[in-house]
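In what follows, a structure is listed as structure tokens, so that the remarks can point back to it.
Protein chains in written order, with this note's numbering: chain A, 1 to 317; chain B, 318 to 634.
Right, here's the structure in full:
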């Protein structure tokens with residue numbers, strides 16, 4: 001198979017890089033990785049492939065791929081497998097945004113500063129773009145890695161575990177389930193526990209999956225390592241949503257690249273509406289501390305995961 | 318893992334069964350298989366799980382699962398793996414129907430004699446039901462088969478190939494791609510070759526995948542066996558659509574369990590509109606002959622595949 005073309009392909013030199021440089025390199029690398037795993041626009045149906053690329057290759061923050069590569073560092077996951085895991089989890093994330101933005105869901109016209117797919121193309125195309133991106137995610141992660149297989153007979157079993165984890169995190173007891181709860185909760189008064197459950201599924205499941213995918217592709221995890229990593233993943237997954245709610249309440253649309261203040265306008269329960277702004281900010285900080293503590297057993301190898309916890313809590317968009 | 322609970326679990330005694338009895342047994346077995354792999358309605362979010370079951374467990378014809386089990390017979394695929402492959406391909410099929418019926422696509426109110434999901438529930442739920450069923454398909458097929466693994470170390474590699482095949486057949490160069498071409502062709506004059514390409518993707522890809530999934534899970538195929546099986550799969554895939562077009566033009570809604578005459582009303586090109594009724598029927602018969610000829614190398618073990626080719630061409634609904 002082809003050699004990995006992302007930053008992760010040169011882990012040694014990257015380990016000493018400043019975080020911002022590492023992040024920029026992974027983000028730039030993701031454009032190449034997605035370009036490689038998405039069908040070219042010369043392939044029929046051209047318009048569908050064009051729309052898939054329009055929404056997937058737009059330079060998002062790539063938080064989930066960053067988590068995949070950062071976790072892969074800790075467990076020496078083969079770079080070619082990290083590229084596929086990063087692409088797969090990002091494709092799932094992107095498809096969920098496309099469907100989420102549709103008129104029957106959040107009915108949003110703006111995403112990452114561009115018209116959403118159903119606005120730029122049409123609703124039927126948006127539906128198919130999402131469906132096809134989900135299939136592409138599983139195709140990308142299930143492809144045989146011929147070169148790696150020669151020296152790594154256990155690889156198919158690990159790939160299978162990764163696929164199973166990604167599918168679970170995406171489905172009715174993961175991301176889709178969280179969106180169903182979210183829809184049902186519009187205009188309702190949720191308790192903090194109910195809000196947490198919704199977000200644990202809606203955004204937390206896929207963020208957790210990104211961390212675990214990066215880890216599962218490498219050397220076998222001990223039970224303690226698996227539990228520690230899971231603590232980290234759950235903390236940053238929740239923190240991500242708390243900060244999203246804070247930004248939705250405090251930032252403007254131009255900064256966010258999507259419609260700000262939408263949760264309040266839609267009468268959706270958020271951390272800010274339940275806890276208030278100051279308490280939400282304090283919660284995000286506490287979760288950042290939890291994430292750091294969980295990583296203690298992994299020492300310096302988990303440096304990127306620590307930096308990503310900081311990024312998730314301190315980001316401005 | 319649990320023992321297989323479908324008809325395929327007792328292949329020896331089933332081999333001598335009349336086709337109708339075998340078919341009924343697989344169809345009834347599929348209800349149990351789907352019940353096992355879909356989340357119960359007691360699991361949150363209950364309404365989403367209820368809607369997934371509403372659409373998946375409604376006693377469809379189960380053509381794709383029948384093809385999976387019939388092909389599995391020829392290549393001695395482990396029954397537990399056949400159950401998972403049959404469930405996965407049926408979940409993909411069912412999700413595509415749910416999304417296809419939505420207002421932004423075909424806007425259909427009736428499916429298998431029942432209100433479609435967006436009519437019975439709502440559009441957002443239909444969107445999520447489809448998304449979650451697709452994820453469930455890949456989760457079901459990627460689960461580790463602990464019992465079989467003990468004596469079959471090659472199993473993960475074969476499962477991976479099956480997942481890759483299913484994902485390809487479902488995505489932008491398979492089923493979703495075919496639907497995109499279908500949408501773009503409304504009101505247009507297609508050549509026979511263009512119509513064939515559309516259907517080869519839209520319905521053919523998943524029917525072919527069903528045959529290949531059943532085969533890939535078992536003993537390694539020779540190049541000739543693989544080519545012969547592919548010839549069979551392509552012939553029945555095309556025949557299925559030709560017969561669908563014939564039925565849409567000749568049967569009534571009550572018999573079909575869906576709105577009849579819809580293609581003509583929607584000004585969609587069909588085999589009947591291009592070739593006429595008599596020529597379409599002759600084409601279906603020729604394809605049935607092709608399918609039979611392709612199976613010659615497999616002798617009596619391919620009996621069910623032959624009978625399914627007959628069923629697909631001679632069915633009345």
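Quick reminder that beta carbons are idealized off the backbone N, C-alpha and C, glycines included.
What does DSSP give as the partner residue(s) for residue i in the beta ladder?
i                      : result
residue 431 of chain B : B:428
Alpha carbon to alpha carbon, how far is residue j from residue i? Give it in angstroms, no decimals.
i                      : j                      : result
residue 197 of chain A : residue 86 of chain A  : 25 Å
residue 250 of chain A : residue 313 of chain A : 14 Å
residue 228 of chain A : residue 91 of chain A  : 27 Å
residue 456 of chain B : residue 172 of chain A : 11 Å
residue 529 of chain B : residue 550 of chain B : 8 Å
residue 521 of chain B : residue 48 of chain A  : 19 Å
residue 452 of chain B : residue 311 of chain A : 30 Å
residue 436 of chain B : residue 371 of chain B : 12 Å
residue 21 of chain A  : residue 177 of chain A : 36 Å
residue 539 of chain B : residue 466 of chain B : 23 Å
residue 243 of chain A : residue 422 of chain B : 36 Å
residue 80 of chain A  : residue 158 of chain A : 13 Å
residue 185 of chain A : residue 152 of chain A : 47 Å
residue 543 of chain B : residue 463 of chain B : 28 Å
residue 296 of chain A : residue 426 of chain B : 56 Å
residue 541 of chain B : residue 609 of chain B : 16 Å
residue 472 of chain B : residue 166 of chain A : 20 Å
residue 477 of chain B : residue 401 of chain B : 13 Å
residue 510 of chain B : residue 193 of chain A : 57 Å
For residue i, count neighbouring Cβ atoms within 10 angstroms of its own Cβ and tell me buried if that reaches 16, exposed if not.
i                      : result
residue 24 of chain A  : exposed
residue 191 of chain A : exposed
residue 505 of chain B : exposed
residue 115 of chain A : exposed
residue 537 of chain B : exposed
residue 280 of chain A : buried
residue 60 of chain A  : buried
residue 16 of chain A  : exposed
residue 78 of chain A  : buried
residue 393 of chain B : exposed
residue 460 of chain B : buried
residue 523 of chain B : buried
residue 611 of chain B : buried
residue 45 of chain A  : buried
For residue i, which of the options has the nearest alpha-carbon?
i                      : options                       : result
residue 58 of chain A  : A:77, A:214, A:113 and A:155  : A:113
residue 98 of chain A  : A:299, A:186 and A:111        : A:111
residue 162 of chain A : A:175, A:217, A:145 and A:201 : A:217
residue 36 of chain A  : A:129, A:125 and A:141        : A:141
residue 677 of chain B : B:564, B:609 and B:569        : Chain B is shown only over 318 to 634; residue 677 of chain B falls outside these bounds and no answer can be derived.
residue 107 of chain A : A:183, A:16 and A:226         : A:183
residue 275 of chain A : A:296, A:195 and A:167        : A:195
residue 498 of chain B : B:523, B:585, B:481 and B:472 : B:585
residue 518 of chain B : B:611, B:492 and B:542        : B:492
residue 448 of chain B : B:357, B:417, B:477 and B:523 : B:417
residue 413 of chain B : B:363, B:477 and B:496        : B:496
Beta-carbon within less than 6 Å of residue i's beta-carbon, same chain only, minus the 5 sequence neighbours each way: which residues are those?
i                      : result
residue 387 of chain B : 621, 622 and 625
residue 516 of chain B : 558
residue 391 of chain B : 615, 618 and 619
residue 287 of chain A : 235, 238 and 239
residue 454 of chain B : 405, 408 and 409
residue 607 of chain B : 552
Go through its chain and collect everything with a Cβ distance to residue i's Cβ below 8 Å, but skip five positions before and after it.
i                      : result
residue 373 of chain B : 351, 355, 407, 408, 411 and 450
residue 208 of chain A : 169, 230, 233, 234 and 237
residue 103 of chain A : 118 and 123
residue 335 of chain B : none
Starting from the C-beta of residue i, find all residues in its chain whose C-beta is less than 7 Å away, skip the five residues before and the five after it, and write them out in chain order.
i                      : result
residue 360 of chain B : 366
residue 527 of chain B : 381, 384, 385 and 406
residue 368 of chain B : 434, 438, 442 and 446
residue 285 of chain A : 313
residue 326 of chain A : Here chain A comprises residues numbered 1 to 317, so residue 326 of chain A is not present and cannot be evaluated.
residue 589 of chain B : 562, 563, 566 and 597
residue 358 of chain B : 366, 367 and 370
Is any beta-carbon of chain C found at less than 7 Å from that of residue i?
i                      : result
residue 543 of chain B : Among the chains of the structure shown, chain C does not appear; the protein chains present are A and B.
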